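Read the structure below first, then the notes.
Residue numbers (the working numbering): 25 to 320.
Written out as structure tokens, the structure is:
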């Protein structure tokens, strides 16, 4: 079975673009879609104080929405199911990740001159905090699988988080060309090769020939957007570490700036610190200090 894409869905342009893009990806790989409709995204359950009656009332009012989304699902090229919930909470996001094992959660982004909706902003922050893979699709993106992927990397080694296994498989099956981009203030060939080595050793790009390019820019986000234009990349891949490196590519503010301004979809992949290698027992060495006895 191909990959699963959980698409946060409503009837507005950004969400429609994200759904069409995810449908193109899923249909090209024999995957499936989950259309997830939410009213809110929050770290805390609002019904703790409002009561369950309010939750039931909201769910009853969503019957028309469910019917329309099921009609939409039937029109897609990929098999699709519909999930409706009033609130996307951290525990629900993790439950969806366990049940569906998605390659990514997909979220549409409005045009740069429009404000992100409160629901979209909250969902983005919640999924990033939960270390779940995210595919962010700007409104108007053509529904065509990417052919050129730009992987933003720095010197630091990383390992794929458990939630990113499906994302690595998605990359393998895309058949796209992958370029590793390293941004620095000064020419740093050592940094470039370390970035390439980090991506190679992570398993993220297994089966791919990786190309390497360095970019000079004191602003990491601007350097990555310059790299996207020069390479013609139609997908930009960022690594989401559980901790940030001040001044490095994956500082939170840099990631936010790239997400807000990139003209192409951005794939945010959760990664962890690599596990140190297990110490190997020393091979037996003969005692060179022993004295050889003369033969009799």
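Idealized CB from N, CA, C, for every residue including glycine. For clarity, every value in this text was computed on a predicted model and none was experimentally measured.
If the five residues before and after residue 46 are omitted, its C-beta is found closer than 7 Å to the C-beta atoms of 29, 31, 57, 130, all from its own chain and listed in chain order. Sixteen is the threshold: when 16 or more other Cβ atoms of the shown chains lie within 10 Å of the Cβ of residue 55, as they do, the residue is buried. Judged by beta-carbon spacing, residue 177 lies within the 7 Å limit of residue 219, meaning their Cβ atoms are closer than that value.
CA-CA distance, residue 41 to residue 241, rounds to 32 Å. For residue 289 against residue 156, the beta-carbon gap comes to about 16 Å, at or over 8 Å, which does not count as contact.
The alpha carbon of residue 229 has as its nearest neighbour, out of 261, 99, 143, 284, the alpha carbon of 261. Short of 7 Å from the beta carbon of residue 223, and not among the five residues preceding or following it, lie these beta carbons of its own chain, in chain order: 175, 177, 204, 229, 234. In this structure, residue 239 sits away from residue 210, with a CB-CB distance that is not shorter than 7 Å. Residue 105 places its beta carbon 7 Å or farther from that of residue 63.
Assignment of residue 107 by DSSP, reduced to helix, strand and coil, places it in the strand class.
Here residue 197 carries a helix assignment [DSSP, helix/strand/coil]. Bridge partners of residue 61 according to DSSP: 108. Its chain contains 207, 239, 241 as the residues whose beta carbon lies nearer than 6 Å to that of residue 247, once the 5 sequence neighbours on both sides are disregarded; these appear in chain order. In the structure shown, residue 100 adopts coil according to DSSP, grouped into three states. Residue 179 sits in coil when the DSSP states are folded into three classes, being neither helix nor strand.
In the DSSP assignment, residue 203 forms a beta bridge with 174, 235.
The distance from the Cβ of residue 60 to that of residue 114 is about 15 Å, inconsistent with a contact at the 8 Å cut-off.
Out of 99, 38, 145, 297, the CA that lies nearest to the CA of residue 180 is found in 297. A distance below 7 Å between beta-carbons, with the five flanking residues on each side excluded, links residue 256 to the following residues of its chain, in chain order: 172. A distance below 7 Å between beta-carbons, with the five flanking residues on each side excluded, links residue 33 to the following residues of its chain, in chain order: 39, 43, 59, 60, 61, 93.
Beta-bridge annotation (DSSP): residue 208 is paired with 240. For residue 33, there is no enclosing alpha helix (DSSP H), as DSSP gives it neither H nor E. Within 10 angstroms of the beta-carbon of residue 279 lie 16 or more other beta-carbons, which makes it buried.
In the structure shown, residue 42 adopts helical secondary structure according to DSSP, grouped into three states. A direct Cα-Cα distance of roughly 27 Å separates residue 244 from residue 189.
Taking C-beta atoms as the reference points, residue 158 and residue 292 count as a pair closer than 7 Å.
In this structure, DSSP gives residue 214 a helical state, which the three-state scheme calls helix.
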